[in-house]
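There are 2 protein chains.
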Amino acid sequence: MLTINDASKRTNLPVKTIRYYDEVGLVMATGRTPAGYRLYDDRSCQKLGFVQRARQFNFSIEECRELLSLYEDHGRPSRDVKKITLSKLALLQRQLDDLTTLTLELQTLANQCTGDDRPDCPILNNFSAGPLASEA
Amino acid sequence: MLTINDASKRTNLPVKTIRYYDEVGLVMATGRTPAGYRLYDDRSCQKLGFVQRARQFNFSIEECRELLSLYEDHGRPSRDVKKITLSKLALLQRQLDDLTTLTLELQTLANQCTGDDRPDCPILNNFSAGPLASEA
DNA sequence: GTTGACCCTCCTGTTACTGGAGGCTTTATA
DNA sequence: TATAAAGCCTCCAGTAACAGGAGGGTCAAC
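Quick note, the sequences are listed as chains W and S, same order.
When the letters of the first sequence are read in order and numbered with my numbering, they come out as residues 1038 to 1173.
When the letters of the second sequence are read in order and numbered with my numbering, they come out as residues 1038 to 1173.
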């Protein structure tokens, strides 16, 4: 059993955030010490990690709650689970496209800069034809 | 010149959000009609699109402001631009890794569900050895 | 010439935290 | 063993980035 600080170190989530997730019932502490300190086990840390990634890609707390419940609710028809999960996956695919576009935009910016002191980096002109029309 | 509504349609950003970006000076309207209506040109729409993607991946408004200024400030040594841009790219690489992990987690969940009514989808057990140890 | 779709500003509300005060508990140190 | 530092608690206030809505002007169309 880990203290909240240890769980924080393991997941890279701030202590405050972990406390918040417990408070709103998203990822509850596994237990408490007699003094009232929160305790977390491996499984809670897994959930925290999962939530962290999902939150990073703009799944709301409520959506995270739903996804976690999919993982846990064995009484739920797997048909439902599959349907919901696939729709989330479609979202992630779009995210992946956008992430790729953004990365390209920044990479182009970095490449245009020779790295010397010449003060000229007018990248917006370059992709002003649109994010995906960068093959000129 | 586009109205705020047209800019909204072109960028898929809510009108409210575009108004907000103007208000905080992130992406200002190109001009105003005599009646005070905001006007946007192609370049503003480009910026809005860029900000949209950057925001989606958790760059703050202030970071977006900085990135946009890199694009625009021709008086800035390209050395600086390159340095800052590369550090943002490193962040994006981490995002990409996390996005991949999350996608894998959800895909595993979807695959485990045969899609019939059998109510058993205990995916957390499967990756409880860690997000990257899913080759069991 | 008025109806309906847009636009404006201003103000309040929401989500998901973040920081800090005030006050126990546990651990390291003298 | 005393005490100081570090860690934990609750509670409350603040922040970022919007979103909703009131109240009211504007513009194209019938």
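From the three backbone atoms N, C-alpha and C, an ideal C-beta is built for every residue, glycine too.
Model, not experiment: these values are computed from the prediction.
> Can Lys1181 of chain W and Leu1143 of chain S be called in contact, C-beta distance under 8 Å?
Replying inline: This structure gives no information on residue 1181 of chain W, because the portion of chain W shown stretches from 1038 to 1173.
> With 16 other CB atoms within 10 Å as the buried threshold, where does Ser1097 of chain S fall?
Replying inline: As a working mapping, residue 1097 of chain S is identified with position 60 in the second sequence. Counting Cβ neighbours within 10 Å, Ser1097 of chain S comes out exposed, since fewer than 16 surround it.
> Which residues in chain S sit within 9 Å of Asp1135 of chain W, going by Cβ to Cβ distance?
Replying inline: Residue mapping note: residue 1135 of chain W aligns to position 98 of the first sequence, counting from 1. In chain order: Gln1089, Arg1090, Gln1093, Phe1094.
> Skipping 5 residues on each side, what residues in its chain have a beta carbon closer than 8 Å to that of Ala1066 of chain W?
Replying inline: By 1-based counting over the first sequence, the position of residue 1066 of chain W is 29. So the list reads Ile1041, Asp1059, Arg1075, Leu1076, Tyr1077, Ser1081, once near-sequence residues are dropped.
>> For Tyr1077 of chain W, list the residues DSSP reports as bridge partners.
In response: For the purposes of this step, residue 1077 of chain W is identified with residue 40 of the first sequence, where counting begins at 1. Per DSSP, W:Leu1039.
> From which residue to which residue does the alpha helix (DSSP H) around Arg1113 of chain W run?
Replying inline: The residue given as residue 1113 of chain W occupies position 76 in the first sequence. Per DSSP, Arg1113 of chain W is not a residue of any alpha helix (DSSP H), being assigned neither H nor E.
> Which term fits Gln1130 of chain S, buried or exposed, when burial requires 16 or more other beta carbons within 10 angstroms of its beta carbon?
Replying inline: By 1-based counting over the second sequence, the position of residue 1130 of chain S is 93. Answer is exposed; the Cβ neighbour count stays below 16.
> Can you find a C-beta in chain S that's less than 8 Å from the C-beta of Lys1125 of chain W?
Replying inline: Taking the first residue of the first sequence as 1, we reach residue 1125 of chain W at position 88. For Lys1125 of chain W, the nearest beta carbon of chain S is closer than 8 Å to its own beta carbon.
> What's the C-alpha gap between Asp1135 of chain S and Gln1093 of chain W?
Replying inline: By one-based count along the second sequence, residue 1135 of chain S stands at place 98. By one-based count along the first sequence, residue 1093 of chain W stands at place 56. The straight-line gap from Cα to Cα measures roughly 8 Å.
>> Rounded to whole angstroms, what is the Cα-Cα separation between Gln1132 of chain W and Arg1090 of chain S?
In response: Taking the first sequence and counting its residues from 1, the one referred to as residue 1132 of chain W is at position 95. Taking the second sequence and counting its residues from 1, the one referred to as residue 1090 of chain S is at position 53. Rounded to whole angstroms, Gln1132 of chain W to Arg1090 of chain S spans 9 Å at the Cα level.
> Is Ser1106 of chain S buried or exposed, if buried means 16 or more other CB atoms sit within 10 Å of its CB?
Replying inline: Position 69 of the second sequence holds residue 1106 of chain S. Under the 10 Å beta carbon count, Ser1106 of chain S is surrounded by fewer than 16 other beta carbons and is classified as exposed.
>> So, with DSSP's three-state summary, where would you put Gly1068 of chain W?
In response: For the purposes of this step, residue 1068 of chain W is taken as residue 31 along the first sequence, with counting starting at 1. DSSP, reduced to helix, strand and coil, places Gly1068 of chain W within a strand of the structure shown.
>> Do Ala1127 of chain S and Thr1122 of chain W have their beta-carbon atoms positioned less than 8 Å apart in this structure?
In response: In the first sequence, the residue the question calls residue 1122 of chain W occupies position 85. In the second sequence, the residue the question calls residue 1127 of chain S occupies position 90. No, the Cβ-Cβ distance between Thr1122 of chain W and Ala1127 of chain S is not below 8 Å.
>> Quick check on Ala1147 of chain W - is its C-beta less than 8 Å from some C-beta in chain S?
In response: To locate residue 1147 of chain W, count along the first sequence from 1; it is residue 110. Chain S, which has a Cβ nearer than 8 Å to the Cβ of Ala1147 of chain W, makes this yes.
>> Whole angstroms are fine: how far does the CA of Thr1137 of chain W sit from the CA of Gly1068 of chain S?
In response: Here the question's residue 1068 of chain S lines up with position 31 in the second sequence. Here the question's residue 1137 of chain W lines up with position 100 in the first sequence. Taking C-alpha positions only, Gly1068 of chain S is separated from Thr1137 of chain W by approximately 32 Å.
> From Glu1099 of chain W to Thr1145 of chain S, what distance separates their C-alpha atoms?
Replying inline: Here residue 1099 of chain W refers to the residue found at position 62 when the first sequence is read from its first residue. Here residue 1145 of chain S refers to the residue found at position 108 when the second sequence is read from its first residue. Going by the C-alpha atoms only, they are around 21 Å apart.
>> Measuring only the C-alpha atoms, how far is Pro1159 of chain W from Tyr1108 of chain W?
In response: Numbered from its first residue, the first sequence carries residue 1159 of chain W at position 122. Numbered from its first residue, the first sequence carries residue 1108 of chain W at position 71. In this prediction, Pro1159 of chain W scores a pLDDT of 44, lower than 50, which makes its location untrustworthy; the coordinate-derived value is nonetheless stated afterwards. Taking the straight line joining both Cα atoms gives about 48 Å.
> From the beta carbon of Val1118 of chain W, is the nearest beta carbon of chain S less than 8 Å away?
Replying inline: Position 81 of the first sequence, counted from the start, is the residue given in the question as residue 1118 of chain W. Taking Cβ atoms only, chain S reaches closer than 8 Å to Val1118 of chain W, which makes this a yes.
> Taking Pro1114 of chain S as the reference, which of W:Arg1102, W:Gln1149, W:Leu1139 has the closest Cα?
Replying inline: In the second sequence, residue 1114 of chain S corresponds to position 77, counting from 1. Checking every option, the nearest Cα to that of Pro1114 of chain S belongs to W:Gln1149.
>> Would you say Leu1107 of chain S lies against chain W (beta-carbon separation less than 8 Å)?
In response: For the purposes of this step, residue 1107 of chain S is identified with residue 70 of the second sequence, where counting begins at 1. Yes, contact with chain W.
>> On a Cα-Cα basis, can you pick out the residue from W:Arg1056, W:Leu1050, W:Leu1104 that is closest to Gly1073 of chain W?
In response: Counting from 1 along the first sequence, the entry for residue 1073 of chain W is found at position 36. Ranked by Cα distance from Gly1073 of chain W, the options W:Arg1056, W:Leu1050, W:Leu1104 are led by W:Arg1056.
>> Between Ala1173 of chain S and chain W, is the shortest Cβ-Cβ distance under 8 Å, so that the two count as touching?
In response: Your numbering for residue 1173 of chain S matches position 136 in the second sequence. With a pLDDT of only 24 at Ala1173 of chain S, under the threshold of 50, the placement of this residue in the model should not be trusted, and no figure is reported.
> For chain S, is any of its Cβ atoms less than 8 Å away from the one on Leu1129 of chain W?
Replying inline: Mapped onto the first sequence, residue 1129 of chain W falls at position 92. Under the 8 Å criterion on CB atoms, Leu1129 of chain W is classed as interfacial with respect to chain S.
> Residues in its own chain within less than 6 Å of Leu1039 of chain W by CB, not counting five upstream and five downstream?
Replying inline: Counted from its first residue, the first sequence places residue 1039 of chain W at position 2. Shown here for Leu1039 of chain W: same chain residues with a beta carbon closer than 6 Å to its own, the five before and five after excluded, namely Tyr1077 in chain order.
> In whole angstroms, what separates the C-alpha of Asp1043 of chain S from that of Phe1087 of chain S?
Replying inline: What you label residue 1043 of chain S is simply residue 6 of the second sequence in a count that begins at 1. What you label residue 1087 of chain S is simply residue 50 of the second sequence in a count that begins at 1. Distance between the alpha carbons of Asp1043 of chain S and Phe1087 of chain S is about 17 Å.
> For the alpha helix (DSSP H) that Val1052 of chain W lies in, which residues bound it at each end?
Replying inline: As a first step, residue 1052 of chain W must be located in the first sequence, where it is residue number 15. In this chain, the alpha helix (DSSP H) harbouring Val1052 of chain W covers 1052–1060.
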